[in-house]
């Protein structure tokens with residue numbers, strides 16, 4: 114049986130995710146992830162502009178004429194659904210819908226993680242999916258159909274990664290078949306581990322809270 118969220122039109126899902134993410138950005142400065150007992154942790158900076166841009170909506174041609182800030186303002190003002198429906202229905206192809214659904218899958222998993230639900234979240238110490246797609250760290254979730262990866266890039270430009278602080282960068286979603294091929298080719302993931310614990314750096318107190 115589908116949940117209420119699964120029954121929603123994808124436009125409303127995007128709105129729903131935005132307001133959940135906005136609440137997170139109002140409450141949390143950054144999140145520290147501990148992926149092993151011996152290695153240093155990493156910290157993810159939370160930024161509302163990441164919503165349409167870094168998480169992949171801006172990578173879809175359907176949104177290419179809209180700035181990240183404009184998308185956010187329309188959602189906050191309640192104009193997003195109207196603006197979306199003003200777009201010609203002929204532009205919403207099955208391919209676009211499939212791409213949006215993949216982004217929605219990533220968003221649901223990532224938001225649950227940011228909200229402190231670390232169950233079934235995997236940490237990747239290195240993600241090297243292609244010559245031009247390499248992440249220092251990554252978070253990964255999967256179900257029967259898809260794998261979702263949130264990649265993290267180092268704040269420092271140094272190849273030695275002097276600081277363990279990462280900016281949230283982008284999100285991708287692959288089918289199981291695609292991931293399987295990448296794994297066979299040895300191009301995707303090194304050292305997969307389950308998250309040990311998450312600390313939330315809450316803005317109002319500037320203290321870290323263990324979510325375990």
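In this note's numbering, the protein residues as written are 114 to 325.
For every residue, glycine included, the Cβ atom is placed at its ideal position computed from N, Cα and C.
As the structure is a prediction and not an experimental result, all values here were calculated from the model.
Backbone CA spacing between residue i and residue j [nearest angstrom]
i: residue 366; j: residue 256; result: Residue 366 falls outside the range modelled here, since the chain spans only 114 to 325, and no answer is possible.
i: residue 123; j: residue 145; result: 30 Å
i: residue 230; j: residue 175; result: 31 Å
i: residue 184; j: residue 126; result: 14 Å
i: residue 160; j: residue 138; result: 6 Å
i: residue 212; j: residue 158; result: 26 Å
i: residue 192; j: residue 186; result: 8 Å
i: residue 132; j: residue 140; result: 12 Å
i: residue 128; j: residue 188; result: 6 Å
i: residue 258; j: residue 142; result: 33 Å
i: residue 214; j: residue 263; result: 16 Å
i: residue 227; j: residue 197; result: 27 Å
i: residue 190; j: residue 163; result: 18 Å
i: residue 179; j: residue 251; result: 27 Å
First through last residue of the alpha helix (DSSP H) which encompasses residue i
i: residue 138; result: 123-140
i: residue 224; result: 207-227
i: residue 181; result: 181-190
i: residue 164; result: Here residue 164 belongs to no alpha helix (DSSP H), and DSSP marks it neither H nor E.
i: residue 176; result: Careful: residue 176 lies outside any alpha helix (DSSP H) and carries neither H nor E.
i: residue 195; result: 193-199
Pair within 8 Å by beta-carbon distance, residue i and residue j
i: residue 181; j: residue 219; result: no
i: residue 225; j: residue 134; result: no
i: residue 222; j: residue 254; result: yes
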